[in-house]
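Under the working numbering, the first residue of the sequence shown carries the number -12, and numbering increases by one thereafter. Note that CB positions come from ideal geometry on N, CA and C, so glycine has one too. In what follows, a structure is listed as structure tokens, so that the remarks can point back to it.
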Amino acid sequence: MARPRPQDRQARTRPRKDKMEHNSFLQNVCSWSGVVMILAVGVASYYCYKGYNETRVNTPFSTDKLVDLSHLNKKEYYWGSYRSHAYFGMKTREPYSLVTGLMWYFPPMLQGDGRGLRHWCTQDDRLEKYGWLKHDGKNFGIQEIQDNGVKLTTSFVKKTQGLAGGEWTAKIKVTPVIANPWNKKISLLYYAAIEDKTNGDIHPVIDQLSESLGSIEGMTRELGYFSIHFNVTSTSRVDQSYLVTRAPSLVNLKETVLQNFRIITVRKGQTDEERIVLPSQPARYNNGEMVPANFIVTQVTAKLPFEFEVRFDRNSASGQKDLLSGASYDEALKKLENSFDTKFENIFKLKGKGYKADEISFAKAAFSNMIGSIGYFYGSAQVQSEYNQSPVPYWKAPLFSAVPSRSFFPRGFLWDEGFHGLLLSNWDLDLEIDIISHWYDLMNIQGWIPREMILGDEAIQRVPAEFINQFNTNANPPTFFLTLQFLLKHRQDELLSKHMNLLEKLYPRLEAWYEWFNSTQLGEIPSTYRWRGRKESSTSELNPKTLTSGLDDYPRASHPDKNERHIDLRCWMALASKVMASLADILYKRSSKYKSTFEYLSNNELMNKLHWSPRTNTYADYGLHTDKVKLQKPSASRQNRVSQDKIRVVLDEPQYRFVDTTFGYVSLFPFILCLLDPESPQLEKVLKDLQNPDYLWTDYGLRSLAKESPLYMKYNTEHDPPYWRGAIWMNLNYLSMSALHHYSNVEGPNQEQAKIIYEKLRKNLIKNVISQYKKSGYLWENYADDIGTGKGSHPFTGWTALTVLLMAEIY
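Following this line, the structure appears as structure tokens:
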């Protein structure tokens, strides 16, 4: 058998060309299919991951709600003066509640644009004073309003027996402040309104004899059937009219009233008199059909003095019952007043400390303004993360919270509420626990809580558009750890006996909050922290604001970047670690992590290395900084392209350094949160600096920024006046007082000095706040460091009320 020729063997072992091309094609197809599949999987994974991150910002931490575990008697707190933004009104703790409210005006002063018609609290009304004199947060309240020489005393009393939170009566008593006021007539309007989403309706009941609105009847799913009755007591003629209509929303109630006012001419003797009235007939559509009412108003116009009573009754089959009206109302109100006075003295012991009657009346008003400003809000915040191209709605939720100011900030603020809790928890632990529960039910799955909660149409209406969106990178001082530390110190037995189950459920949320801070606010160097949210590219601000720190325009490094380190945030995290360790021990959780972190962050030697300036011997931030900045008009060439507002001009290149030419509240944080060793030389230096009039000391309290600091009382933009740049703020003064009290009771070389400063500063603070209240009728947001006058928003129903704790020496 012949062997194959070499060329034959080659032919048999080499693939045919067409087969090779076919195989190559298949390989390419398979290869490209793999690539496509990998790309497809990658793209799908990317969008899944992106979608996952997009939804995390508005995903609740848990579907289990802490408010369901609160021991608050929901019936006793069902109704309340929870419309913080209104001068007076009542509502329930329901998402879409029946609301009632008061408006008033003096006929000669009413303007066509609405000026003169009072409804929502606003500083533009320029009232002489308004605020709660006594309010227990639950059963009653007494408020005094002075407007153009006329005093309106609004009060309410609740009966919590029966279904759906029981019944209540409100009374508005109108009297002249002076003997013969020029405005001898006043028009009061009281209304009831429901939102479109309220499950129910309201309708008028017309008195056939007087043709006036005798009462309002209605029904909601939560309240059942109810009626609201009106009664006027006056020695003079009373003119009444009413409005039954449909308002677009709760934010348009005042405008709806204004649109329906009519001027009529009435013959009186030999002269004609013009009167402002409401149409006194149900509103109709153009085709003549009745409008299903969601807004009913009664107007009463009379000479001074007179009383106007509003009574909310639950309709029931129980037949005859005791009505909270007339003399029985006055008797019930007096009884509740006496109970309030007794409880107030038992808690704060101001008589025992030698305070005079007018000083105690101030303290009751200060406390009552805080507890009486508690509001109930419902809605959805607008939030955003780096994964969302535009804001997305948070889940709909309620918030039960005090507010900083009824006139200017009638909504929930995270860092303010931690201070509010110090005062409220002394009065009613269950109430404060319920407030805390509402806030922590607003935590998302990342452990973030929005720093400002703007819930519902009425709240949104009061906020500038640029502040509505909340960003999940932005923090706020974790002051609820202050509240929790305070509770563990003063109310631990009651807290553990009544609220242990809730604490167990709260603890994972606290862990998540703590970890959120530790993962999102860390600095570049271990144990350092940095507030996010500063605008690195800002050209309009003299010093870019740090809103997230709560200290807004307090000067930080002039050129924000990732290498900044902020001493106040480090101290807040040290406090948080300490409180978490205490709670972990109580709840039998592992506390070693928190204890070691507290020891690490409060280590004075390490803290001094990172934040103690050897040049000025003060605690300071660190960052890229220069003091050589100023605001000036842009050049002529730039004015054609940009706004003509002043812009920041940098006169000297910034350098990495301690921001030690700025001395103020931030410099005090290791001291005010009691992190300094009692024997440390740093404590001695801080106490010395506190008393220096060129630094923070004044006869009215500690100013926020030293007079020597380059930005003391400087505008931050052409239009933004100084805020935390010299004014005296009660929240940081209270913390300073708490620290002085602590160090004056701890053995060490600085004990006696701390005690001396404590006595002087306490006297100055209390004296000035009371003095300004007597002069102006208000508690104020902050106080001028030169003459002590009130500044900012008023009435400031928030942390300025901590003056009561200073008087009582409760820290």
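Backbone CA spacing between residue i and residue j [nearest angstrom]
i: residue 485; j: residue 414; result: 16 Å
i: residue 325; j: residue 403; result: 30 Å
i: residue 649; j: residue 692; result: 7 Å
i: residue 304; j: residue 154; result: Any reading at residue 304 needs caution, since the residue's pLDDT is 47, under 50, leaving its predicted position unreliable; the model's value is listed next. Going by the C-alpha atoms only, they are around 15 Å apart.
i: residue 116; j: residue 760; result: 10 Å
i: residue 756; j: residue 136; result: 24 Å
i: residue 423; j: residue 160; result: 36 Å
i: residue 143; j: residue 497; result: 38 Å
i: residue 546; j: residue 287; result: 60 Å
i: residue 522; j: residue 543; result: 12 Å
i: residue 784; j: residue 603; result: 38 Å
i: residue 284; j: residue 188; result: 15 Å
i: residue 334; j: residue 340; result: 12 Å
i: residue 778; j: residue 525; result: 27 Å
i: residue 799; j: residue 567; result: A query on residue 799 cannot be resolved here, the shown segment of the chain reaching from -12 to 798 and no further.
i: residue 267; j: residue 440; result: 39 Å
i: residue 820; j: residue 95; result: What the structure shows of the chain is the stretch from -12 to 798, and residue 820 is not part of that stretch, so it cannot be assessed.
i: residue 443; j: residue 513; result: 41 Å
i: residue 320; j: residue 355; result: 15 Å
Residue i, enclosing alpha helix (DSSP H) - first and last residue
i: residue 591; result: 591 to 598
i: residue 134; result: Taken as a continuous stretch (DSSP letters only), residue 134 belongs to no alpha helix (DSSP H), being part of the beta strand (DSSP E) at 127 to 134.
i: residue 414; result: 401 to 414
i: residue 445; result: 444 to 448
i: residue 315; result: 313 to 335
i: residue 555; result: 554 to 573
i: residue 353; result: 344 to 358
i: residue 241; result: 240 to 247
i: residue 581; result: 579 to 588
i: residue 96; result: That residue, residue 96, is in no alpha helix (DSSP H); it is neither H nor E in DSSP.
Residues near residue i by beta carbon distance below 6 Å, same chain, minus five either side
i: residue -11; result: A caution first: residue -11 carries a pLDDT of 42, below 50, which makes its placement in the model unreliable, though a value can still be read off. So no residue of the chain qualifies.
i: residue 671; result: 737
i: residue 323; result: 126, 127
i: residue 589; result: 561, 662
i: residue 252; result: 259, 261
i: residue 584; result: 564
For residue j and residue i, believed in contact at Cβ under 8 Å, the rounded distance
i: residue 223; j: residue 289; result: 6 Å
i: residue 208; j: residue 281; result: Contact flag wrong, Cβ pair sits at about 15 Å.
i: residue 120; j: residue 129; result: 5 Å
i: residue 795; j: residue 337; result: 7 Å
i: residue 177; j: residue 297; result: 6 Å
i: residue 447; j: residue 69; result: Actually they do not touch by this definition, with Cβ atoms about 17 Å apart.
i: residue 517; j: residue 477; result: With a Cβ gap of about 33 Å, residue 517 and residue 477 do not count as contacting.
i: residue 221; j: residue 293; result: 4 Å
Boundaries (first-last residue) of the beta strand (DSSP E) holding residue i
i: residue 486; result: Unbroken run through residue 486 is the alpha helix (DSSP H), 479 to 507; no beta strand (DSSP E).
i: residue 143; result: 137 to 146
i: residue 191; result: 187 to 193
i: residue 368; result: Run containing residue 368: none; DSSP gives neither H nor E here.
i: residue 221; result: 211 to 221
Cβ neighbours of residue i in the same chain (closer than 7 Å, five flanking residues each side left out)
i: residue 699; result: 692, 693, 712, 713
i: residue 742; result: 731
i: residue 421; result: 54, 57, 59, 387
i: residue 72; result: 107, 108, 393, 397, 445, 449
i: residue 753; result: 790, 793, 794
i: residue 674; result: 737, 740, 741, 744
i: residue 474; result: 412, 482
i: residue -6; result: With a pLDDT of only 42 at residue -6, under 50, the local geometry of the prediction cannot be trusted, and no value is derived from it.
Local conformation of residue i per DSSP, three classes
i: residue 716; result: coil
i: residue 781; result: coil
i: residue 382; result: coil
i: residue 278; result: coil
i: residue 671; result: helix
i: residue 177; result: strand
i: residue 227; result: strand
i: residue 754; result: helix
i: residue 723; result: helix
i: residue 71; result: coil
Nonlocal neighbours in the same chain, by C-beta distance under 8 Å from residue i, ignoring five residues either side
i: residue 600; result: 606, 607, 645, 647
i: residue 720; result: 688, 689, 748, 752
Within-8 Å CB hit, residue i to chain D
i: residue 678; result: Absence of chain D from the displayed structure is noted, only one protein chain being present.
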